[in-house]
Amino acid sequence: MSKWLRKTATSLLAITVAGTLAACGSDASEANDTTEVTEDNPYAETITIDVFDGLANYMGIQEGWFGKIVKDKFNMELNVIAPNVAGNGDTLYQTRTAAGDLGDLIIVDRGQQYNELIQAGLLYDASEFYDSMENLQNFDAAVQNLNEGTDGIYGFPTQVSNLKSTDPSEGLDLNYGAYIRWDLYDDLDYPEIGTLEDILPVLKEMQEANPTTEDGQKVYGFSLFGDWDGNYMNNAKQLLTLYGYDEVGFVIAKADGSDYQSILDSDSEYIRALKLYFDANQMGLVDPESTTQNYDTLFAKFQSGQVLYSWWPWLGQAAYNTTTNLTDGKGFMLAPIQDQEIFSYGAEVYGATQFIGIGSNAEDPERIAAFIDWLYSPEGVLSNAAQTSGSSGPEGLTWEMQDDTPVLTEFGEQALLDGDADVPAEWGGGTYKDGVSALNVNAVLPIDTNPNTGHAYAYTMWESFLTDNMNPVQEDWSEHMGGALSTVEYLEENDQILVAPGASYVAPEDSSEISTLRNQVKSTIVEYSWRMVFANDEEEFNTLLAEMQDIANGLGYEQVLEVDMANAQEQNERREFVAEEFGETE
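This is the structure:
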């Protein structure tokens with residue numbers, strides 16, 4: 327996500343690594359047609375560039391309205407090479423780098439991959455173009471930070487922002503939260519939820535009042551999945567974020583640096599989360615198919631109304647809060663847990679964990695540099711965005727200015743709110759959805775202010791959107807949440823957000839010894855975590871906990887924990903430094 331909402335180009339899955347390499351470089355993919363040079367498009371020759379994109383969920387030539395914008399402005403076509411679609415992403419990356427040409431335009435992780443590509447000579451030094459990249463000059467501190475320690479400018483940071491690093495970066499909703507079926511909570515007359523554990527009897531009452539869906543499927547409070555398990559059970563980690571914690575390997579670190587925990591400590595927030603799921607299962611609230619289902623199956627269950635609790639707005643709300651359901655008064659909204667202090671990612675003043683670079687073998691690096699700079703312009707930010715963040719789209723197509731305020735057009739409402747729309751021929755034709763940028767990356771944080779309009783880039787932040795798109799569920803939620811129009815507004819008014827300053831920290835790569843130990847330990851932790859959730863009784867739960875701790879320690883857990891603890895503290899030092907450097911500390 328991306329582990330977030332995914333789009334799969336199934337018709338292209340058969341593309342092989344060999345076939346991909348055959349198309350490598352501008353030479354092999356150059357088109358022969360020419361275009362009349364104009365002020366808007368100074369490029370006579372049409373080129374096709376290979377884009378190696380570790381975030382893309384589509385493989386092939388960029389089509390539709392975004393493809394037309396790029397073609398019209400730069401006389402350039404984008405051939406997207408997506409390891410997410412091709413499969414064996416690491417192998418594809420290694421194969422292409424070994425061949426000496428990853429791509430003409432490269433979007434991968436900063437840190438290890440950035441360093442590898444520089445050392446291998448696979449990134450172009452764009453220093454000669456940088457002075458003319460006027461849009462990127464607005465984020466010069468982030469650019470210089472990424473390229474610090476090199477002899478040039480080899481990459482450009484993504485998701486840069488002019489917001490404070492101590493400001494939440496997520497917009498109307500935080501990335502994490504406790505989202506429940508608000509209509510069923512309403513039916514119970516809004517019982518008080520003092521702390522996380524208090525949500526269990528509430529969910530049980532909701533389940534008893536609505537035991538099945540309209541088509542007869544059983545309803546559960548929680549439905550879990552294991553796709554994203556890593557160092558430990560991912561679904562358990564999500565509950566920690568409600569109290570300001572995030573993970574650093576086997577360490578649970580609070581956003582403000584006030585607490586660090588080993589996940590295996592018996593009184594850790596992680597074990598608390600496992601115990602909550604265990605208690606929920608004892609109450610009949612956990613879906614018994616949790617151990618075998620994947621994210622796609624889970625998403626479908628949310629769509630059909632089989633699940634009452636969601637860890638993220640982009641799961642419960644995205645799946646269930648359809649126009650039909652909301653009009654009928656049904657939907658997910660944030661639960662008012664009184665002691666919550668939800669973890670928030672601060673705006674990344676130095677950019678996020680990916681970067682954009684130019685391949686060293688690119689035939690026309692100057693044109694690619696101009697395209698990259700355009701991605702950081704107001705027009706570029708509005709046209710291109712990560713698929714999960716929702717680009718507002720091009721002015722004149724999806725939105726327009728009315729009385730100095732951006733508002734969605736009728737087409738924009740259809741395309742962005744109803745799910746899709748047919749694009750007019752003059753904008754490239756096809757459907758809006760199919761024409762969305764396949765790059766799947768934000769160059770600039772969407773909630774940043776567009777200097778041309780004075781409003782946020784993201785249409786969901788526009789006052790016109792917030793006031794014109796109220797529905798019975800949101801109106802009721804707002805009424806019972808002090809009049810707040812959004813999750814973030816409510817949490818800010820109640821001092822229930824704990825922001826981790828955006829510091830673009832990337833943990834050092836594990837040594838081979840630590841990597842081996844980590845892989846041994848984490849498989850044990852994941853296995854035992856699931857067994858603990860589905861333990862027969864509390865005695866078995868505690869027995870399994872003791873076994874997990876003993877086995878993990880025997881496999882070298884303490885050695886890995888020492889590394890992770892040092893990384894967690896280094897991350898906090900970095901956060902404190904960035905906040906102080908930008909004058910955001912008291």
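Numbered per the working numbering, the sequence shown spans residues 327 to 912. Ideal Cβ positions, reconstructed from N, Cα and C, are used throughout, including at glycine.
Subject >> residue 580 classed as buried or exposed, judged by whether at least 16 other C-beta atoms fall within 10 angstroms >> reply: buried
Original post:
Ordered along the chain, which non-local residues of its own chain (more than five positions away) have a Cβ less than 7 Å from that of residue 277?
Top reply: Given that the chain is displayed from residue 327 to residue 912, the structure contains no residue 277 and the question cannot be resolved.
Original post:
What's the C-alpha gap between residue 733 and residue 719?
Top reply: 12 Å
Subject >> DSSP-derived helix/strand/coil call for residue 682 >> reply: strand
**OP:** Check whether the segment 459–466 touches the segment 692–704, taking contact to mean three or more Cβ pairs, one atom from each stretch, closer than 8 Å.
**Re:** Yes, the segment 459–466 is in contact with the segment 692–704.
Original post:
In three-state DSSP terms, what is residue 510?
Top reply: helix
Subject >> Expected contact under 8 Å - CB spacing of residue 854 and residue 870 to nearest Å >> reply: 6 Å
Subject >> Beta carbon of residue 520 nearer than 9 Å to that of residue 762 >> reply: no
**OP:** For residue 725, write down the residues that DSSP places opposite it in a beta bridge.
**Re:** 721, 734
Original post:
Can you give the Cα-Cα distance for residue 656 and residue 830, rounded to whole angstroms?
Top reply: Cα to Cα, the separation comes out at about 38 Å.
Subject >> Where the alpha helix (DSSP H) through residue 586 begins and ends >> reply: Here residue 586 belongs to no alpha helix (DSSP H); instead the beta strand (DSSP E) covers 586–588.
Original post:
In whole angstroms, what separates the C-alpha of residue 737 from that of residue 395?
Top reply: 18 Å
**OP:** Give me the Cα-Cα distance between residue 564 and residue 502, rounded to the nearest whole angstrom.
**Re:** 7 Å
Original post:
Mind checking whether residue 603 and residue 576 have CB atoms under 9 Å apart?
Top reply: no
Original post:
If you follow the alpha helix (DSSP H) that residue 908 is part of, which residue opens it and which one closes it?
Top reply: Neither: residue 908 is in no alpha helix (DSSP H) and is coded neither H nor E.
Subject >> Collapsed DSSP secondary structure at residue 489 in the structure displayed >> reply: coil
Subject >> Pairwise C-alpha distance: residue 597 and residue 868 >> reply: 10 Å
**OP:** Have a look at the DSSP bridge pairing and note the partners of residue 770.
**Re:** 486
**OP:** Can you check the segment 834–906 for any alpha helix (DSSP H) of at least 4 residues that lies completely inside it and give the ranges in chain order?
**Re:** 838–859, 864–880
Original post:
How about the segment 476–494 and the segment 880–900: do they share at least three Cβ pairs that are nearer than 8 Å?
Top reply: No, they do not touch.
Original post:
In whole angstroms, what separates the C-alpha of residue 806 from that of residue 517?
Top reply: 12 Å
**OP:** Might you give, ordered along the chain, the residues of its own chain that have their beta carbon closer than 6 Å to the beta carbon of residue 835, omitting 5 neighbours on each side?
**Re:** 438
Original post:
Taking DSSP as the reference, what is the three-state secondary structure of residue 380?
Top reply: coil
Original post:
Would DSSP call residue 782 helix, strand or coil?
Top reply: Looking at residue 782 - three-state DSSP - the assignment turns out to be strand.
Original post:
Which residue comes first and which comes last in the beta strand (DSSP E) that contains residue 671?
Top reply: 668–674
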